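Quick notes on the structure that follows.
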């Protein structure tokens with residue numbers, strides 16, 4: 491083997507290692523997608539709850555009862571956090587639900603940041 495050929499093979503091995511270090515972890519990406527889906531679903535349900543409360547939806551409605559059951563675990567820690575203004579004795583603005591939406595957004599960003607930290611662990615300090 492010539493020195494030139496040996497040098498090319500060594501460069502290829504180094505570049506393969508760099509590729510492995512820079513390639514995103516597919517498992518982390520899939521976990522991130524699943525987490526995004528769960529949070530987007532929660533955002534949608536909480537947003538729907540806020541809109542229905544603002545529109546004055548009846549609590550006796552089957553759909554409203556179903557939605558209340560689903561969102562209860564998400565919103566229970568925030569119920570009563572703030573007083574909710576009521577307009578025209580029917581339309582309720584749930585400030586605490588907006589706070590819940592914001593808190594879940596912060597948790598989502600924190601979890602996403604944690605996944606990025608975990609994914610970047612395989613890089614060397616010189617790659618950053």
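In my numbering, the protein residues as written are 491 to 618.
Built from N, CA and C at the ideal position, the CB exists for glycine as well.
All of these numbers come straight from a predicted model, not from anything done at the bench.
Could you name the residues of the same chain whose beta carbon sits closer than 6 Å to that of residue 575, not counting the 5 residues immediately before and after it, in chain order?
-> Looking up residue 575 in the chain shown gives position 85. Closer than 6 Å at Cβ, skipping near neighbours: 583.
Take residue 536 and list the residues in its own chain whose beta-carbon comes closer than 8 Å to its own, dropping the five residues that flank it on each side.
-> The residue you call residue 536 lines up with position 46 of the chain shown. A distance below 8 Å between beta-carbons, with the five flanking residues on each side excluded, links residue 536 to the following residues of its chain, in chain order: 561, 564, 565, 587, 590, 591, 594.
Could you give the C-beta distance for residue 525 and residue 601, rounded to a whole number, given that I count them as a contact under 8 Å?
-> Counting from 1 along the chain shown, the entry for residue 525 is found at position 35. Counting from 1 along the chain shown, the entry for residue 601 is found at position 111. About 6 Å; that satisfies the 8 Å criterion.
Helix, strand or coil for residue 606 per DSSP?
-> As a working mapping, residue 606 is identified with position 116 in the chain shown. Look at residue 606 here: in three-state DSSP terms it is helix.
Residue range of the alpha helix (DSSP H) that residue 563 falls in?
-> The residue given as residue 563 occupies position 73 in the chain shown. 552-565 is the extent of the alpha helix (DSSP H) around residue 563.
N- and C-terminal bounds of the alpha helix (DSSP H) containing residue 522 = As a working note, residue 522 is residue 32 in the chain shown. From DSSP, the alpha helix (DSSP H) with residue 522 extends over 516-545.
To the nearest angstrom, how far is it from the Cα of residue 548 to the Cα of residue 569?
-> Indexing the chain shown from 1 puts residue 548 at position 58. Indexing the chain shown from 1 puts residue 569 at position 79. In a straight line, the C-alpha of residue 548 is about 18 Å away from that of residue 569.
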